[in-house]
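In the numbering used here, the protein residues as written are 18 to 100. Cβ coordinates follow ideal geometry from the N, Cα and C atoms, glycine included. Working notes, structure below.
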């Protein structure tokens with residue numbers, strides 16, 4: 018699991034059918050760090066600190082072992098003070 022911050026939403030209207038209509042968000046582990054795209058399974062907004070999972074856990078958290086995701090948000094952190 019990784020702690021990341023939601024930067025912004027990512028709009029992608031032309032997707033493969035297996036992705037359905039799940040929202041996609043741009044996340045970063047730290048400000049100025051590498052950006053990643055995550056599937057939002059919990060309803061986040063930009064600025065939220067979140068818990069993300071990768072690999073097969075990301076696919077299962079997104080709803081199916083066959084879901085094409087390698088990063089899924091599974092929780093919103095209520096209180097976090099990054100170092």
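Check your understanding: residue 19 lies in the alpha helix (DSSP H); which residues open and close that run?
Key -> Taking the chain shown and counting its residues from 1, the one referred to as residue 19 is at position 2. For residue 19, there is no enclosing alpha helix (DSSP H); the enclosing beta strand (DSSP E) has its first and last residue at 19 to 27.
Review point. Can you check whether the CB of residue 66 is closer than 8 Å to the CB of residue 19?
Key: In the chain shown, counting from the first residue as 1, residue 19 sits at position 2. In the chain shown, counting from the first residue as 1, residue 66 sits at position 49. Not in contact: residue 19 and residue 66 (Cβ atoms no closer than 8 Å).
Check your understanding: At what residues does the beta strand (DSSP E) containing residue 55 begin and finish?
Key -> The residue you call residue 55 lines up with position 38 of the chain shown. Residues 52 to 57.
**Study point:** Euclidean distance between Cα positions of residue 79 and residue 41
**Key:** Indexing the chain shown from 1 puts residue 79 at position 62. Indexing the chain shown from 1 puts residue 41 at position 24. Distance between the alpha carbons of residue 79 and residue 41 is about 11 Å.
Check your understanding: From which residue to which residue does the beta strand (DSSP E) around residue 90 run?
Key -> Looking up residue 90 in the chain shown gives position 73. In this chain, the beta strand (DSSP E) harbouring residue 90 covers 88 to 93.
Review point. How close, in whole Å, do the beta carbons of residue 62 and residue 94 come, if the pair is a contact with beta carbons under 8 Å?
Key: Against the chain shown, residue 62 aligns to sequence position 45. Against the chain shown, residue 94 aligns to sequence position 77. Taking 8 Å as the upper bound for CB-CB distance, residue 62 and residue 94 are not in contact here, some 13 Å apart.
Check your understanding: Looking at the unbroken beta strand (DSSP E) that takes in residue 62, where does it start and where does it end?
Key -> Residue mapping note: residue 62 aligns to position 45 of the chain shown, counting from 1. From DSSP, residue 62 is part of no beta strand (DSSP E); its letter is neither H nor E.
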